[in-house]
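Numbering (UniProt numbering), first residue to last: 1 to 238. These notes are about the structure you will find just below.
Here is the structure:
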């Protein structure tokens with residue numbers, strides 16, 4: 001229930017408009033007009049394999065992983081509509097100084113074709129809004145982005161980017177405050193049979209005006225990310 005009334009990091013790319021149809025679909029979900037996405041074969045696969053992936057990550061890195069609860073953004077009480085569910089957090093010491101990271105695990109499904117199930121050599125750009133959102137909401141400096149497949153895994157390191165968050169938060173705020181909240185109030189207090197038409201003045205465009213800029217910046221962040229490890233069938237690859 002808490003998640004239903006929040007905008008969570010996993011939906012940030014959709015809220016910005018990385019996929020044209022998903023922005024309006026997310027709006028319909030958040031105003032209560034349609035049921036939220038409940039999963040598919042890909043998410044089922046990820047849920048089944050995530051524990052195995054976590055154990056592999058801990059074995060490769062030697063890191064201890066903690067599991068925080070659902071986290072609401074705490075910078076400003078007015079931003080409590082932003083939230084995140086991390087796969088884990090990692091605390092360590094580097095030169096005697098605390099190093100605060102967050103772990104995100106991906107177990108791609110490859111449409112069920114396990115002959116293609118090899119770890120990525122590059123992070124898909126549509127994961128960057130989620131990654132930067134997790135780091136900001138949890139107050140973490142970096143992310144270990146770990147990709148597990150039956151044939152091997154990849155580990156990427158991403159750094160928190162304040163300028164990226166600033167632009168993204170403008171797009172997210174517009175979506176939530178100018179489209180979701182007012183439409184949800186009207187939908188909950190009136191009999192509305194066709195929200196796409198009856199609430200069309202509050203319906204968001206397929207893409208936010210900052211989407212192109214955020215996509216460009218996502219590519220920059222992917223380019224600057226570090227591929228720390230890529231292993232295939234137990235052998236390290238460059």
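Where a beta carbon is used, it is the ideal one built from N, C-alpha and C, also for glycine. Please read these numbers as outputs of a predicted model, since none were measured by experiment.
Other residues of its chain near residue i: CB distance less than 6 Å, five sequence neighbours each side excluded
i: residue 266; result: Missing from the structure shown is residue 266; the chain here goes from 1 to 238 and no further.
i: residue 20; result: 206
i: residue 246; result: Outside the displayed span of the chain (1 to 238) sits residue 246, for which this structure offers no information.
Proximity winner among the options, relative to residue i (alpha-carbon distances)
i: residue 228; options: 215, 48, 191 and 157; result: 157
i: residue 114; options: 128, 151, 126 and 81; result: 151
i: residue 32; options: 125, 191, 225 and 41; result: 191
i: residue 233; options: 170, 36, 148 and 129; result: 148
i: residue 127; options: 225, 5, 24 and 231; result: 225
i: residue 178; options: 193, 202, 123 and 196; result: 202
i: residue 63; options: 196, 216, 112 and 155; result: 155
i: residue 28; options: 194, 105, 153 and 41; result: 194
i: residue 75; options: 204, 35, 169 and 112; result: 169
i: residue 73; options: 3, 38, 206 and 22; result: 3
Residues of its chain near residue i, where Cβ-Cβ distance is below 7 Å and the 5 sequence neighbours each way are ignored
i: residue 84; result: 8, 9, 71, 133, 134, 137 and 138
i: residue 26; result: 11, 14 and 15
i: residue 257; result: What is shown of the chain runs 1 to 238, which leaves residue 257 out entirely.
Residues sharing a beta bridge with residue i, DSSP
i: residue 149; result: 152
i: residue 143; result: 102 and 158
i: residue 71; result: 84
i: residue 8; result: 83
i: residue 236; result: 231
i: residue 66; result: 89
C-beta neighbour in chain B for residue i, strict 9 Å
i: residue 134; result: In the displayed structure, chain B is absent; only one protein chain is listed.
Does the region 101-116 touch the region 135-146, meaning 3 or more C-beta pairs lie closer than 8 Å? yes
What are the complete beta strand (DSSP E) segments, minimum 3 residues, inside the region 78-114? 82-84, 88-94 and 97-106
May I have a chain-ordered list of the beta strand (DSSP E) segments no shorter than 3 residues that lie completely inside the region 188-234? 226-232
Evaluate the contact criterion for the region 79-92 versus the region 62-69: three or more CB pairs, one atom per stretch, below 8 Å. yes
Quick test of the definition: if touching needs 3 or more C-beta pairs under 8 Å, does the region 179-189 touch the region 117-135? no
The region 157-173 touching the region 214-226, judged by at least three CB pairs closer than 8 Å: yes
Any 3 or more C-beta pairs closer than 8 Å across the region 39-57 and the region 74-84: no
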